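Trainee: Got a structure for you, questions after.
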């Protein structure tokens, strides 16, 4: 099958490329946000940040100077908070002071439950580790959850679109490093 073109909408929420960016793709219920750490407080009051989702914290390792990523999930809590609350927890955590930008994936229809975000966190983490392009800072191997064959197919399609969006936002976290040619 021939690859088809994609239409991606990048909304510069603060009017410039260095601020917050909202990213959508035609015919996809997913929504991605690229948020500088210093702009987290500007996201307060947005309903989509109260939802469940999966997030990536990007930065540089203080010890090695390597590109670093932490991949996590955020569910909706009893207090009605979700993704933004979890990102703010990481911002206050001195062990995670290396990150400078977050990329968040959620949906326009708030359709992620605990099983979906567990599966996505697991797949994204394993893909990032396998690509060996970033130092993955996750301390544990996230569980894939228990999903049906139909749900797995649906989430794998979400992942395909998320990979396109992630590359468009400038992160090659899922693109494997090419192996050197041995002569």
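Numbering (this note's numbering), first residue to last: 52 to 234. Built from N, CA and C at the ideal position, the CB exists for glycine as well. Here the structure is a predicted model, which is why all the values come from computation and not from measurement.
Whole angstroms are fine: how far does the CA of residue 220 sit from the CA of residue 123?
Mentor: The residue labelled residue 123 in the question sits at position 72 within the chain shown. The residue labelled residue 220 in the question sits at position 169 within the chain shown. Whole-angstrom Cα-Cα distance: 18 angstroms.
Trainee: Please say whether residue 80 and residue 162 have beta carbons closer to each other than 8 angstroms?
Mentor: Position 111 of the chain shown, counting from 1, holds the residue named residue 162. Position 29 of the chain shown, counting from 1, holds the residue named residue 80. Yes, the pair counts as a contact, with Cβ atoms nearer than the cut-off.
Trainee: Could you work out which residue in 186, 155 and 190 is closest to residue 213 when comparing CA atoms only?
Mentor: Your numbering for residue 213 matches position 162 in the chain shown. For the residues 186, 155 and 190, the minimum Cα distance to residue 213 belongs to 155.
Trainee: Excluding five sequence neighbours on each side, which residues of the same chain lie with their C-beta closer than 8 angstroms to the C-beta of residue 57?
Mentor: Start at 1 with the first residue of the chain shown, and residue 57 comes out as number 6. If we look at residue 57 and ignore the five residues flanking it on each side, its Cβ neighbours are 76, 77 and 215.
Trainee: Which same chain residues end up closer than 6 angstroms to residue 107 when comparing Cβ atoms and leaving out the 5 residues on each side of it in sequence?
Mentor: Working through the chain shown from its first residue, we reach residue 107 at position 56. For residue 107, where only same-chain residues beyond five positions count, the Cβ hits under 6 angstroms are 120, 122 and 154.
Trainee: Mark residue 138 as exposed unless 16 or more other C-beta atoms lie within 10 angstroms of its C-beta, in which case mark it buried.
Mentor: To locate residue 138, count along the chain shown from 1; it is residue 87. Buried is the call here.
Trainee: Going by the CB atoms, is the gap between residue 118 and residue 281 shorter than 8 angstroms?
Mentor: The structure shown does not extend to residue 281, since the chain is modelled only from 52 to 234, so the question has no answer here.
Trainee: Would you identify the three-state DSSP class for residue 173, choosing helix, strand or coil?
Mentor: As a position in the chain shown, residue 173 is number 122, starting the count at 1. Of the three classes helix, strand and coil, the one that applies to residue 173 here is helix, per DSSP.
Trainee: Measure the alpha-carbon distance for residue 141 versus residue 165 and round it to whole angstroms.
Mentor: Working through the chain shown from its first residue, we reach residue 141 at position 90. Working through the chain shown from its first residue, we reach residue 165 at position 114. Rounded to whole angstroms, residue 141 to residue 165 spans 20 angstroms at the Cα level.
Trainee: Could you tell me if residue 54 is buried or exposed, where buried requires 16 or more neighbouring beta carbons within 10 angstroms of its beta carbon?
Mentor: Taking the first residue of the chain shown as position 1, residue 54 is located at position 3. Flag for residue 54 reads exposed.
Trainee: For a test of the three-state rule: what should DSSP assign to residue 122, helix, strand or coil?
Mentor: Mapped onto the chain shown, residue 122 falls at position 71. If DSSP states are grouped into helix, strand and coil, residue 122 belongs with the strands.
Trainee: When you compare each of 114, 90, 206 and 228 to residue 105 by their alpha carbons, which one comes out closest?
Mentor: Within the chain shown, the letter at position 54 stands for residue 105. Nearest C-alpha to residue 105: 206.
Trainee: Counting C-beta neighbours from all protein chains within 10 Å, is the total for residue 135 16 or more, i.e. buried, or is it exposed?
Mentor: Counted from its first residue, the chain shown places residue 135 at position 84. Per the 10 Å Cβ criterion, buried.
Trainee: Among residues of its own chain, excluding the 5 on either side of residue 178, which ones have a beta-carbon nearer than 7 angstroms to its beta-carbon?
Mentor: Walking along the chain shown from the start, residue 178 turns up at place 127. For residue 178, where only same-chain residues beyond five positions count, the Cβ hits under 7 angstroms are 225.
Trainee: Can you tell me whether residue 152 is helix, strand or coil according to DSSP?
Mentor: For the purposes of this step, residue 152 is taken as the residue at position 101 of the chain shown. Here residue 152 sits in strand by DSSP.
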